[in-house]
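Heads up: the structure comes next, in structure tokens.
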Amino acid sequence: MRILVLGAGAVGGYFGGRLIEGGGAEEVAFLVRPARKARLERDGLAIESPQGDFRARVRALLPEEAGTGWDVVLLSCKAYDLDDAIAALRPALGPRTGIVPLLNGMTHIATLQAAFGEERVLGGLARIFAALTPEGVVRHHGGHASVAFGELDGTMSERVRALAAAFAKAPAAEGEASANIRQLLWDKLVLLHTVAAATVLMRANVGEIARAPGGIAWMERLLERNAAIAAAEGFPVRPEVLERQIRPMFRNPQARNQASMLHDLESGGRIEADHILGFMLEAARRAGVDDALHETAYIHAKAYENRRDAGRLPARA
């Protein structure tokens, strides 16, 4: 299997690097911007992780250098960069290339299908706590690192099996081939929105909110509304996921979880307000769920974007 990874940041760099380390794919290359290409060619790809560091020279390509013949593209970018990613991908798509997006939210799926055709686009998600340092190092902060992927119609295709086989040899990275990827996407979105809305509004991680008076109950209300939205969309969160994985985190006063959106906001960066907060606000209204918390989170994020666009963010020390 020949795998092209669009992006070599925290997500693409980590999972692409682990695929190279495992040797389960015939080729793994990274489709990147000129500055990232130059740094990769100079320094190589570096991963720092409690589960083992990795550094290697990798093949970094610009869109005009990619050629075709790729079996799968792992698409790892922020949702607000999707249009640029689509333009970069066009020259690299051969007749058999499948696209596995590892983006947050849901809206990107329809966008990719409109651009490249429904038959090319799979469902996918990443579970990892990592960041790209200013020095270009992929820093994995620990915990389980995995991706899940599957055909949106639920079939277990040959390309899904082949990608799973490549991940089976990758150290410190699990690849789950799923026949129910839409359910997994909704499970993650319920968690993601709850973390994003809570930590962005409160400017604190989950544990810090939990230690505040009424913090746990407030996060529980937000979680319950998100679970009700998923159920109304036809994908109720699986009980074992809700009760054993998601809910305990919001009850843990020592939890350090926070959304990458909070990190981006506090650093004055772009955020995925429309793709996560806006999407779930619209879904809440479709479902008839109380949308007060969702609306507040979305307005809050959009006001930040307006202030950022106006150049009026506070100066950082």
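Throughout, my numbering is defined as the position within the sequence shown, counted from one, plus 883. Yeah, the Cβ is synthetic: ideal placement off N, Cα and C, and Gly gets one too. None of these values were measured; they are calculated from a predicted model.
Note to self: Taking the alpha carbon of Arg973 as the reference point, which residue from Arg916, Gly950 and Ala993 has its own alpha carbon closest?
What the structure shows: Gly950
Next item on the list: Since I believe Ala968 is in contact with Leu958 (beta carbons under 8 Å), could you give me their beta-carbon distance rounded to a whole number of angstroms?
Entry: 6 Å
Check: What number of angstroms, rounded off, separates the C-alpha of Ala993 from the C-alpha of Arg1139?
Finding: 33 Å
Margin query: On the criterion of 16 or more Cβ atoms from any shown chain inside 10 Å, does Gly1007 qualify as buried, or is it exposed?
Written below: buried
Next item on the list: State the Cα-Cα distance for the pair Cys960 and Asn1135, rounded to the nearest angstrom.
Entry: 30 Å
Notebook entry, point to check: Which residue's Cα is closest to the Cα of Ala943: Gly900, Pro933, Arg979 and Val983?
Noted result: Gly900
Next item on the list: Please state if the CB of Leu1106 and the CB of Arg1130 are separated by a distance shorter than 8 Å.
Entry: yes
Item checked: C-alpha gap between Glu1001 and Gly907, whole angstroms -> 27 Å
Notebook entry, point to check: Using the C-alpha atoms, what's the distance from Ala1111 back to Arg938?
Noted result: 44 Å
Checklist line | Ala1093 beta carbon less than 8 Å from that of Ala1180 | finding: no
Notebook entry, point to check: Is the Cβ-Cβ distance between Phe1118 and Arg1065 less than 8 Å?
Noted result: yes
Check: Which value, in whole angstroms, describes the spacing of the CA atoms of Gly896 and Asp1173?
Finding: 39 Å
Next item on the list: Would you mind stating whether Arg919 and Ala893 have Cβ atoms separated by less than 8 Å?
Entry: no
Margin query: Considering only the alpha carbon of each residue, which of Arg922, Pro933, Leu986 and Gly1151 lies closest to Ala1056?
Written below: Pro933
Next item on the list: Determine the direct distance from the alpha carbon of Glu947 to that of Pro1017, and round the result to whole angstroms.
Entry: 27 Å
Note to self: DSSP three-state label for His1158, please.
What the structure shows: helix
Checklist line | Close beta carbons around Val915, own chain, < 6 Å, minus the five adjacent residues each side | finding: Ala891 and Ala943
Check: Taking the C-alpha atoms as reference points, what is the distance between Arg868 and Val1083?
Finding: The first residue shown for the chain is 884 and the last is 1200, placing residue 868 beyond what the model contains.
Margin query: For Glu931, list the residues DSSP reports as bridge partners.
Written below: Arg1022
Next item on the list: From the DSSP output, in three-state form, read off Glu909 for me.
Entry: coil
Margin query: Give me the residue from Ala1186, Gly1194 and Trp1069 with the minimum Cα distance to Ala1166.
Written below: Trp1069
Notebook entry, point to check: Candidates Pro978, Phe1012, Ser1061 and Leu985: which alpha carbon is nearest Glu931's?
Noted result: Phe1012
Item checked: Under 8 Å between C-beta atoms of Val941 and Leu923 -> yes
Notebook entry, point to check: Is it true that the CB of Ala1113 sits closer than 8 Å to the CB of Val1124?
Noted result: no
Next item on the list: Evaluate Thr1038 with the Cβ neighbour count: other Cβ atoms within 10 Å of its Cβ, from every protein chain shown; 16 or more gives buried, anything less gives exposed.
Entry: exposed
Checklist line | Arg1104 at chain D interface by Cβ criterion, 8 Å | finding: Checking the listed chains, one finds no chain D in this structure; it contains a single protein chain.
Margin query: Going residue by residue through the segment 1117-1152, where are the continuous alpha helix (DSSP H) segments of at least 4 residues, counting only ones entirely within it?
Written below: 1130-1133 and 1143-1149
Checklist line | Neighbour-count burial assignment, Ser1061, 16 or more Cβ in a 10 Å radius | finding: buried
Note to self: Restricting to Cα atoms, I'd like to know which of Ala970, Ala1156 and Glu909 is closest to Lys1052.
What the structure shows: Glu909
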